[in-house]
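With the UniProt record's numbering as the guide, the letters of the sequence shown map in order to residues 1 to 114. Everything below concerns the one structure shown next.
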Amino acid sequence: MKVNLAYGSGHLPIEVPDDRTTVIEPAHIDGLADEKAAVLDTLQKPIGSQPLLEHISPDTKICIAFTDITRATPNDRIIPWLLEHLGGPNDNITLLNQLGTHRPNTREELETML
């Protein structure tokens with residue numbers, strides 16, 4: 001059986017024995033109709049808390065922690081929406097790349113993620 005494995009930013013074609021292979025495909029779930037509206041709605045109407053903007057003032061220092069390259073998080077969309085929502089001076093905002101025990105991301109990877 002020929003299988004195309006996701007590998008890096010591409011695919012790796014491999015051949016595996018038919019009698020020793022089970023392919024499990026994820027169920028397809030439609031994405032959100034409007035991702036930005038969903039993120040902003042969540043910031044404005046969080047569960048069990050006041051909206052984010054009620055917790056901060058224009059001089060509040062903020063740290064936004066974001067996932068590293070090993071996670072398929074749409075940081076390139078979420079972070080700009082969050083910054084727009086905050087509306088404050090970017091001098092008070094620090095972006096923190098959550099590496100855990102992974103290697104540091106390259107500048108190119110950070111630019112792609114953000």
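Quick reminder that beta carbons are idealized off the backbone N, C-alpha and C, glycines included.
Next on the checklist: Give me, in chain order, the residues of the same chain whose beta-carbon lies closer than 7 angstroms to that of Cys63; leave out the 5 immediate sequence neighbours on both sides.
Outcome noted: Thr94, Leu96
Item to check | Beta bridge counterpart(s) of Thr70 as assigned by DSSP | outcome: Partner(s): none; Thr70 has no beta bridge.
Item to check | Closest by C-alpha distance to Thr73, when choosing among Arg103, Glu35, Lys61, Glu84 | outcome: Glu35
Next on the checklist: For Ile47, which residues in the same chain have their Cβ closer than 7 angstroms to its Cβ, ignoring the five residues on either side in sequence?
Outcome noted: none
Checklist entry - Which class does Asn4 belong to by DSSP, given the choice of helix, strand or coil? => result strand
Checklist entry - Going by DSSP, what residues sit across from Pro13 in a beta bridge? => result Asn4
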